[in-house]
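Working notes for the structure below.
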Amino acid sequence: MMQEAVAFTPGGARSMIAQYLWLIPALPIIASGVIAVLRQSRRKLAAGLAITSLSVSLLLSFIAFVRVVGHWAGGSVAREIFNVTWFSVGSAPVDLGWVLDPLAAIMLLMVSFVGLLIFIYSVGYMAHDENFTRFFCFLSLFAGAMLGVVISNSILLLFMCWELVGLTSYLLIGFWYQKPSAAAAAKKAFITTRVGDIFFFLGIVWLFSQTGTLLFYNYGVGSLEGLNLANLLTARGGLGLSAAGAIGLLIFAGAVGKSGQLPLHVWLPDAMEGPTPVSALIHAATMVAAGVFLIARVYPLMSIGAGAAGTTSALTVVTWVGSATAVFAALIAVAQNDIKRILAYSTVSQLGYMMAGLGLGGVAVGMFHLITHAFFKALLFLGAGSVIHGCHEEQDIRRMGGLRADMPLTFATYGVGMLALCGFPIVFSGFWSKDAILEAAQHWSLSKVPFYLLVFGAVLTAFYMTRQVSYVFFGYWRGRGTAHESPRVMTMPLAVLAFFAIALGAIGTPGWPWFRAFLENQPATAAFYVLIEPEFLALLGTSTLIVALGIGLGLWLYGNKSPKPETPDILEQSAPWLWIPLRDKLYVDEFYRVTFIAFYAWWARVADWFDRRIWGGIVSAVALIFGLWAKLNRALDMYWVDGSFDKTCEELSNGGGLLARVQSGLVQNYLRILAAAVVALAAILLWSSRP
Amino acid sequence: MTALTSPLTGYLLVAALLFAIGLAGALVRRNAIMVLIGIELMLNAANLNFIAFWRYGPHPEALTGMMFAIFSIAVAAAEAAVGLGLVIAIYRHTNTTELDKINRMKG
Amino acid sequence: MNVVFYLLAALTIAGGLAAMLLKHLIHAALAVTVAFAGLALLFLQLDAQFAGFAQILVYIGAVAILIVFAILLTHGAELPRGGVFSGTWFVGLAIAAGVFAVLGWAVLQSVHALPQQTAAPAVTVHDIGNALVGSYVLPLEIVALLLTAATIGAVIVAMHEKAGQK
Amino acid sequence: MSATSFFSRLDQIFVLLRNWLVGFLPPTMRPAAGVVLAVMAIVCVFPGLFALTTVFERKGLGRMQNRLGPNRVGPFGFFQPVADGIKSLTKEDIVPISADGLVHFLAPLVLVVTVFMGFAVLPMGRNMVLVDMDAGVLFFFAMGAATEISVFMAGWSSRNKYSLLGAMRAIAQMISYEVVLLLSTVSVVMIAGSLSLPKIIDAQNQYSWGLPHWYIFTPWGLGAFIMYAIAATAETNRSPFDLPEGESELVAGYHTEYSGFKFALFFLGEYLAMFSISGMGTTLFLGGWSAPLAALNWIPSWIWFFGKVMMSIFVFIWMRGTLPRLRQDQLMNFAWKFVLPFTLLNLLVTALWRFLGEGWPRWVLCTLILAAAYVLMGRAGLYRKHIGPRSYRYAE
């Protein structure tokens, strides 16, 4: 099969790396398989295997990246694909394949790099866990699956890896399954994402039935290129959408589930029950971003047929959902006291930013924020992990404080992450990526509302991050025992991530939009004059204002005064009407509980009731009737005892005996009767069908 | 007789005869193993039909009959294995393999 | 309709008949082996090399041996007292005759309707292989599963019960 | 004439000879006559080889057990087989009174015939194959499977518990190892992409840097060859798998009750089976009649073929002189718990090899996997003390 696939690809000039791209996901998966069979005591070996395999993947990803950059700089088309026909059902071939293009290359690099850092970090973090090997088995399985999502060129393969990722996330959230809360959270995450995945799968099926191919790119006959795409545009999709739009929305539903967008965001905060490295890797940097990546991958589907407004209904939906999520989650984050929950809600809101960026400004804008966010949010989570580690598994920020003295390195790096998240101007990468989104929102033709929403969200982000930092690192120590700095193996990754949280901004400034050019496959031109144009300066001013407002507000309310853990929050004292709902996460969970869950419970009860009452009732009724009948018979017997009755009985029993003789239990009798019947049937048929 | 001018007819008749023989064996022999052998014969007769139709049919390149025969050979092997295993198990329970002695529904 | 066909047909039928008539089970098993061989040769006569060899491999190599083993394991080698034919053998014979009558009649009825391809089909093993892993891949997988299940099942069924489990 | 043409003639000498002989006949009869000639050649050559081999085996075993082998009849006792032949022909042919006459008579014939059939598809030299069958490999193994029934006939018909036990053992062993035999062949078929033996040889008959592309020189090929060799030894009931005729336990296995010419036929049949299965192994893994070095191509192909076959025969004899006999349960466990799993693994590796396509990665990957598997297995064995260094206790 393989050979044939190679044979009929025109222009077989395919680089080695593109051909062996599958090794990148395969290595971690193999490693996890090996780790799975290791004995629990082989901790070093397990960690070593996982880290080695992932670093090899990182190396390969880097080679691939260089390769793509070379293509791009060379001006040739920067997409290499490699397809394999897995098997074919009837005439429809089921194709798998992988693609190496700027999008994939960037993601590969990001995932394997951040993943590697987090692997290293977890060696320290999980050092005292007895299920160390299991942890690394799951973790590297996840890494492999995630890399698979990134490179896959066939929507089926993508879906497989997607589900695998979901599975590992489930396993890792429930890693400490002794904790009922963890088990519950795992189940919640799994089921909630299923809801989205069902729609996703429908989308896949529809796409396949429309285009007849599972491949995204296949030299002009893939589902995202050439004629197929045009047909998708013309085909009707219902609700006044084109098929492309409808399928895009279905796929977007999958993305909503995976990356916690508005209706389905509830699982992400609970997912923080898992170990912190998991939260950092899966629920901040990579997996939740997979949804965004998915939209970026199928962007042609979403964006085709853009009207005069320069956007499509699908993209509009994406935008609105994104910006709504951004503000919604940011609001909730303001009133949380669990250090990881705050970060989780901030993740949700940042994902909203990315979605909005995709909807407003296209792939480059969304992806840029994805990449930068991956770094600084991973940084924040790992920092939070280090804080938790240092405070003896304490997660309530009200029971911390003054840590800047005790854990200087963590504090410094955390500060960097926080500023990057707030989008502190010029210096930090977060600024540039968020700025790009805001700019895109400002120029959006349909409505200005998303812009205002996003701006408000930015203020809130700055605010709650300031609140958290001043709670954790300033004031004086309010926890039990004394805090201590984490081991080197944990702080080193923090430092590296912090460096990137700053440096990454350089590749995406309006002055030198290398990232955008790379993703959109145009030559990158440095235009530093943009940086001093009034327009940009105005934007710079506004965002500076935003950040300043947020941070200032935060400092004014929380700065350096450290209230007793028991005393209610300042906002709660001043504005309980605002605080209470926010603290209770705007009652989304409660809402679901009283609507969907209640509905299902009710339905179950109904079914149960049916079983008991109706069917059971029927049965007992029948029994009753027969009982009556029997009584009647007895009465008849009493009044009507005579020979004829006995005779009938005899006849009946004889007839029964005759019939019973057929049921002799002799197999050959049955066979005989069967054969005779067949003969008779065949004879009749033949006779009737005789010319 | 003119019927046998077509080679296919000959094969079909042979297959029919073989099938009948197998059926007869399955019906008249008392030993379970012989019944199984009879069934094997019937299966083979069916295979012969498939192959013959494949050979003389209009589309031999479609391989349908051939494939059917191959698959049925594989399935027949499985059937023989399971059937004989059952016979042996029955023999363990009721010390006999003669079907007209095995008429109780529970061993 | 050449002489080879008649010979092979005679061999096959003779084998089948002997298998069904011989009193001794082992003889019957050997006779049925002859019938299998005859069928394999008939397949070759029909230009179905692959099927023919598969037939030899599976039936003579495996099924026949399996049958023989079963016979020896169930002491089928010694002759039963009550004769080898069931009491109502004539019924069975009549039904079988009926089947043959119907089938033969049908065949002879439809002589003129039968296809008359005379050119030997040019089908190589390569084509068969491609078909097996191509359009027939699903049946292939299913048969693989079936065979695995059958193997395990046969082993479990024929396994000795533990004491007290019976 | 020039040397090259001379050697090419020498290479094709038998083919030319046949064509020359056939030339005397009218054209209509030529193909049939050619086949008949080839069959006659096979029927004459291999029994001759068998005669030689018996002498060699007895002398070789003698050397290994440092004693002289047969050395009375003729120079160095090389006419021993002649004497044996005369003896077996003149001996009385005893049939036990209670034996099943017909079956007892048919068994050796079935064996010899089916074994001879196997040679029909073996290419013994360039253009020296009796029938180039499209499904040659399948045919070969079908014939191999058919021999089992003859073994059973022999064992069962002679109404002798030793014979029956021997036959049962032989069949159980043959069936178990036939699976391995076929599976290890499948990997070759997978790579060569054909069931026809000449095609398989052509696939191996290429040279890079003067070295041949024999399958034994690939990781999976080596593994498959090892498994094939084990299975072949068991399939031909040779030591250490010679339980079916373990003389210390059952007198002579399934041919205990045979004497005279029928016994000779069994003897012949077993050695022919050895030849054919060695020829098959040669064809599948050792490049058949192709020369081991490009430089040696001038040597006639049939010399290479028979040389390789005799080499493997020698290995058979060597093993017989070296290894102790297994126990029945050991035999079965070995078949199902060690050989079969590794053959399957080997098959997977072959598939991987095919999948990876040209290039160095497939060498590295396949070698790593197989080596890892074998090493791990050895470790496991040592770990659980199943295999590994034995400790002997000597009587003091």
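Residue numbers (the working numbering), protein chains in the order written: chain L, 499 to 1189; chain Z, 449 to 555; chain H, 8 to 173; chain U, 12 to 407. We put the CB at the ideal spot given by N, CA and C, even for glycine. In this text the structure is predicted, and so the values were computed from the model without any measurement.
Per-residue DSSP class, three states only, for residue i
i: residue 594 of chain L; result: strand
i: residue 836 of chain L; result: strand
i: residue 479 of chain Z; result: strand
i: residue 768 of chain L; result: helix
i: residue 734 of chain L; result: strand
i: residue 92 of chain H; result: strand
i: residue 740 of chain L; result: strand
i: residue 983 of chain L; result: coil
i: residue 47 of chain U; result: helix
i: residue 708 of chain L; result: helix
i: residue 52 of chain H; result: helix
i: residue 105 of chain U; result: coil
i: residue 910 of chain L; result: helix
i: residue 1024 of chain L; result: coil
Buried/exposed call for residue i, threshold 16 Cβ in 10 Å
i: residue 55 of chain U; result: exposed
i: residue 294 of chain U; result: buried
i: residue 903 of chain L; result: exposed
i: residue 920 of chain L; result: buried
i: residue 377 of chain U; result: buried
i: residue 298 of chain U; result: buried
i: residue 269 of chain U; result: buried
i: residue 1191 of chain L; result: This structure gives no information on residue 1191 of chain L, because the portion of chain L shown stretches from 499 to 1189.
i: residue 716 of chain L; result: buried
i: residue 158 of chain U; result: buried
i: residue 76 of chain U; result: exposed
i: residue 309 of chain U; result: exposed
i: residue 389 of chain U; result: exposed
i: residue 974 of chain L; result: exposed
Bridge partners - residue i, DSSP secondary structure assignment
i: residue 585 of chain L; result: L/592
i: residue 159 of chain U; result: In DSSP, residue 159 of chain U forms no bridge with anything.
i: residue 578 of chain L; result: L/598
i: residue 539 of chain Z; result: None, per the DSSP bridge assignment.
i: residue 894 of chain L; result: L/836
i: residue 713 of chain L; result: L/652
i: residue 223 of chain U; result: U/218
i: residue 546 of chain Z; result: Z/479
Element boundaries [alpha helix (DSSP H), containing residue i]
i: residue 180 of chain U; result: 172-203
i: residue 967 of chain L; result: 947-971
i: residue 26 of chain H; result: 10-28
i: residue 1048 of chain L; result: 1032-1056
i: residue 340 of chain U; result: 339-344
i: residue 322 of chain U; result: 312-333
i: residue 1092 of chain L; result: Residue 1092 of chain L -> no alpha helix (DSSP H), and no H or E assigned at all.
i: residue 871 of chain L; result: 861-888
i: residue 91 of chain U; result: 91-101
i: residue 804 of chain L; result: Note, residue 804 of chain L: premise wrong, no alpha helix (DSSP H); not H, not E.
i: residue 542 of chain L; result: 541-571
Between the stretch 363-382 of chain U and chain L, which residues of the former have CB atoms less than 7 Å from a CB of the latter, in chain order? 366, 368, 372
Residues of the stretch 108-136 of chain H with Cβ closer than 8 Å to any Cβ of chain U, in chain order: 131, 132, 133
Would you list, in chain order, the members of the stretch 1166-1186 of chain L that have their beta-carbon closer than 7 Å to a beta-carbon of chain H? 1166, 1170, 1173, 1174, 1177, 1180, 1181, 1184
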